[in-house]
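Participant: One structure follows; several queries about it will come next.
Residue numbers (the numbering used here): -13 to 206.
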């Protein structure tokens, strides 16, 4: 065993040939080397780079959100258009079905009308007939066609033709079979007899005007 000499302090290693001052400097130097401090400029550049990266990510998120919002708006508009088309088609199909049913009932309604004209609509038959007419009216069936109204080829079908001195235009003088419509849709035109003015006849209004002109004007 080796005994330590009392009062002897361990000195740092000093290269051979070094002076006492070099030994003192070596004793004062730290045992470990300290890392150099990062320059302030490098920290600022790193912070700016992080901020730029976050800004770029935020822009990407905003762009993606805008695209998804546009997609959602287009999808909602397409859905609304689809609902409108479905509703329009549903109404059209319903109208066609109702028109088909009521068209099949028109001969029955014609029989009811003829029975009424001949005074045969009495008793239980009258009650049933009126109930049927009420139901048809609730379903939107409307009857049209009156004597004396101007002839309209879009809603009238002329089955008989004649001339009359007391008309100034083609006029429905008899309703042979009433017409029916649902709303603006005609499901059967009114079948009528029409009369036209006599060929070469002067309308009464023109005759009166000519007479007034010849007499120097209407009497005061």
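The C-beta atom is built at its ideal place from N, Cα and C for all residues, glycine as well.
Out of 134, 164, 144, which one is the CA nearest neighbour of residue 99?
Facilitator: Comparing Cα-Cα distances from residue 99 to each of 134, 164, 144, the minimum goes to 164.
Participant: Would the beta-carbon of residue 182 fall within 8 angstroms of that of residue 140?
Facilitator: Result no, Cβ atoms of residue 182 and residue 140 do not sit closer than 8 angstroms.
Participant: For my contact list, residue 168 and residue 127 are in at a C-beta cut-off of 8 angstroms; report their separation, rounded to the angstrom.
Facilitator: Correct: roughly 6 angstroms between the Cβ atoms.
Participant: Could you tell me how far apart the beta carbons of residue 132 and residue 173 are, in whole angstroms, since I believe they sit closer than 8 angstroms?
Facilitator: Actually they do not touch by this definition, with Cβ atoms about 18 angstroms apart.
Participant: Judging by CA-CA distance, which residue of 171, 148, 177 is the nearest neighbour of residue 185?
Facilitator: Of 171, 148, 177, the residue nearest in Cα terms is 148.
Participant: Assign residue 166 to one of two classes, buried (16 or more other C-beta atoms within 10 Å of its C-beta) or exposed (fewer than that).
Facilitator: So residue 166 counts as buried.
Participant: Are residue 122 and residue 91 touching if we call contact CB-CB under 8 angstroms?
Facilitator: Yes, they are a contact pair.
Participant: Taking the alpha carbon of residue 130 as the reference point, which residue from 76, 69, 96, 74 has its own alpha carbon closest?
Facilitator: Out of 76, 69, 96, 74, 96 has the C-alpha closest to the C-alpha of residue 130.
Participant: Quick one: using the 10 Å Cβ neighbour count with 16 as the cut-off for buried, is residue 38 buried or exposed?
Facilitator: Exposed, since its Cβ has fewer than 16 Cβ neighbours within 10 Å.
Participant: Measure how close the beta-carbons of residue 179 and residue 159 come, nearest whole angstrom, since I'm counting them as under 8 angstroms.
Facilitator: So it is a contact: roughly 6 angstroms between Cβ atoms.
Participant: Between the alpha carbons of residue 48 and residue 41, how many angstroms are there, rounded?
Facilitator: Approximately 10 angstroms, taken between the alpha carbons.
Participant: In chain order, what are the residue ranges of uninterrupted beta strand (DSSP E) at least 3 long that sit wholly in the region 129 to 172?
Facilitator: Runs found: 142 to 150, 157 to 163, 165 to 168.
Participant: Run through DSSP, which three-state label would residue 106 get?
Facilitator: Note: residue 106 maps to coil in three-state DSSP.
Participant: So within the region 62 to 132, which uninterrupted alpha helix (DSSP H) runs reach at least 4 residues, ignoring any that extend past its ends?
Facilitator: Counting only runs of 4 or more, we get 109 to 124.
Participant: If you count every other CB in all the chains shown that lies within 10 Å of the CB of residue 142, and 16 or more means buried, which is it?
Facilitator: It counts as buried.
Participant: Does the separation of the CB atoms of residue 88 and residue 146 fall below 8 angstroms?
Facilitator: It is not a contact, given that the beta carbons lie outside the stated cut-off.
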